[in-house]
Each structure stands twice: as C-alpha cells, then as structure tokens.
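In the working numbering, the protein residues as written are 150 to 347.
We put the CB at the ideal spot given by N, CA and C, even for glycine.
Note that the structure is a prediction, hence the values are computed from the model and not measured.
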C-alpha cells in the first residue's frame, strides 16, 4: 500500500487551533505514503484510480455515505481518522452499522499506522472474497430452487420419480446444449403459464 486518499470535507471549516495540529495528510506523508486530499466528491473522483486506501477524516455519521460512494468506484480499504473533531458525534452513532476496515489517529506511531493499513487491506479483500462466495452460493440456491420445481412438475406430469425427473432434465439440457437451470426455468414458466390459463 503506497497511495492514500484523505477525504476531509470539513477541512476549510477547522478552527485555528485545529489547523495548528498535524493533519492526517501531513502525518501519513511523513510515514512515507503518497497522499492525495479531497474535500468534496468532485475532488475525489479524479484521484480514485491511483488510490490504495481511503482515509475518512469526518464525523462517524458521515462514514456510511462516503463509503457507499467510494466502493462503487473502487474496491479499497476504508479507514476512519479518529480525532476529537470527528469523534464528537460517535456516542449518538454507536448503534449505526458503520463499516470501516480500520481506525487511525494522530497519536499513532508510524509503525502502528503501517500495521493498521496492512491489516485493513487484508480485511477489505477478504470481505470482498467472502461477498463473491456468498453471491455464488445464493445463485446456486436459486438455481437449485428452479431445478427442484421442474423435477416436481415432471415427476407429477409423467408419473415418474424425482431422480428420473432429474435424469430427464439433465438429458434435455445436454440435447439442447443449455444449462440445466435454463431448461428447468423454461419448464416451470410454461407450467405456470398453463396453470394461469386454466
């Protein structure tokens, strides 16, 4: 991980006291990272392509909004930069479903920042893999549902067992050079259409 994008919509609103304290971009660049900064969506989009991780320096209540925007454009870890300014609303937002891959703060040493970024990257990509696997499982379950319905229809219509109906479906799919689920879906839809007409 080399290039980080710090998103800080409140940057121009900071008090003189906050401006005198180290900013996330100055701390992270002193740790050896290449830093981009943005205060609005318009500033974010041109910088997304080269970004390895997003650092959100904003109140907890805005994390979900920004995260949803960012992950639509790129899969990368999203971390929250926790400071007194960004944590002021955290107590009221504790019940919210806030999803971040890690939390950083100005008090962290460079080595701690490196490890948090490393682990957040792993967590982000493991979650992406899990989501893909979940989608595949849901897709298989949906296919299984159509095949089971078609087996039931064939079994009833032809007065055969479900295993014979399954073999018939498989043979038909091979003959038509289609996936079994596509043949099953066609059978179920034709059956439902015929049922609706009677």
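Could you check where the alpha helix (DSSP H) with residue 249 kicks off and where it finishes? Taking the chain shown and counting its residues from 1, one reaches residue 249 at position 100. No alpha helix (DSSP H) holds residue 249; DSSP gives it neither H nor E.
Quick one: give me the first and last residue of the beta strand (DSSP E) that residue 152 is part of. In the chain shown, counting from the first residue as 1, residue 152 sits at position 3. Segment 152–156, the beta strand (DSSP E) holding residue 152.
What are the boundary residues of the beta strand (DSSP E) that residue 185 is part of? By 1-based counting over the chain shown, the position of residue 185 is 36. Looking at the DSSP string, the run of the beta strand (DSSP E) that includes residue 185 is 183–187.
Near residue 318, what residues of its chain come up, given a Cβ to Cβ distance below 8 Å and the 5 sequence neighbours on each side ignored? Numbered from 1 along the chain shown, position 169 holds the residue referred to as residue 318. For residue 318, same chain residues with a beta-carbon under 8 Å away, outside a window of 5 residues either side, are 296, 299, 300, 303, 329, 332, 333, 336 in chain order.
Below 8 Å, can you find three or more Cβ-Cβ pairs linking the region 275–291 to the region 189–200? Result no; under three Cβ-Cβ pairs closer than 8 Å.
Assuming residue 212 and residue 205 make a contact with CB atoms under 8 Å, what is their CB distance in whole Å? Position 63 of the chain shown holds residue 212. Position 56 of the chain shown holds residue 205. Separation of the CB atoms of residue 212 and residue 205 is rounded to 6 Å, and the pair is thereby assigned contact status at 8 Å.
Endpoints, beta strand (DSSP E) assigned at residue 204: To locate residue 204, count along the chain shown from 1; it is residue 55. Start and end: 202–205.
Boundaries of the alpha helix (DSSP H) in which residue 287 is found, first to last residue: As a first step, residue 287 is located in the chain shown; it is residue number 138 there, counting from the start. Note, residue 287: alpha helix (DSSP H), 259–307.
Please report the distance separating the alpha-carbon of residue 345 from that of residue 285. If you number the chain shown from 1, residue 345 lands on position 196. If you number the chain shown from 1, residue 285 lands on position 136. Each residue's CA atom was taken as its position, placing residue 345 and residue 285 some 32 Å apart.
Residue 269: buried (16+ other C-beta within 10 angstroms of its C-beta) or exposed? Taking the first residue of the chain shown as position 1, residue 269 is located at position 120. Residue environment for residue 269: buried (at least 16 other C-beta atoms within 10 angstroms of its C-beta).
Simplified DSSP state of residue 224, which is helix, strand or coil: Along the chain shown, one-based indexing puts residue 224 at 75. Looking at residue 224 - three-state DSSP - the assignment turns out to be coil, as it is neither helix nor strand.
Please name the residue, chosen from 260, 229, 273, 246, that lies closest to residue 253 on a Cα-to-Cα basis. Numbered from 1 along the chain shown, position 104 holds the residue referred to as residue 253. Closest option to residue 253, judged by alpha-carbon separation, among 260, 229, 273, 246: 229.
Starting from residue 191, trace the alpha helix (DSSP H) in both directions and tell me its first and last residue. The residue given as residue 191 occupies position 42 in the chain shown. For residue 191, the uninterrupted alpha helix (DSSP H) segment begins and ends at 190–193.
Are residue 217 and residue 182 close, meaning C-beta to C-beta below 9 Å? To locate residue 217, count along the chain shown from 1; it is residue 68. To locate residue 182, count along the chain shown from 1; it is residue 33. No, these two residues do not count as a Cβ contact at 9 Å.
Check whether the Cβ atoms of residue 194 and residue 225 sit closer than 9 Å, and answer yes or no. What you label residue 194 is simply residue 45 of the chain shown in a count that begins at 1. What you label residue 225 is simply residue 76 of the chain shown in a count that begins at 1. At the C-beta level, residue 194 and residue 225 stay beyond 9 Å of one another.
Thinking C-beta only, is residue 232 closer than 9 Å to residue 259? Translated into the one-based positions of the chain shown, residue 259 becomes position 110. Translated into the one-based positions of the chain shown, residue 232 becomes position 83. Result no, Cβ atoms of residue 259 and residue 232 do not sit closer than 9 Å.
Based on the DSSP secondary-structure assignment, which residues constitute the bridge partners of residue 253? In the chain shown, the residue the question calls residue 253 occupies position 104. Assignment of beta-bridge partners to residue 253 by DSSP yields 230.
Just checking my contact of residue 209 with residue 227 at CB under 8 Å: how many whole Å lie between their CB atoms? In the chain shown, residue 209 corresponds to position 60, counting from 1. In the chain shown, residue 227 corresponds to position 78, counting from 1. Between residue 209 and residue 227, the beta carbon gap of about 13 Å keeps them out of contact (Cβ cut-off 8 Å).
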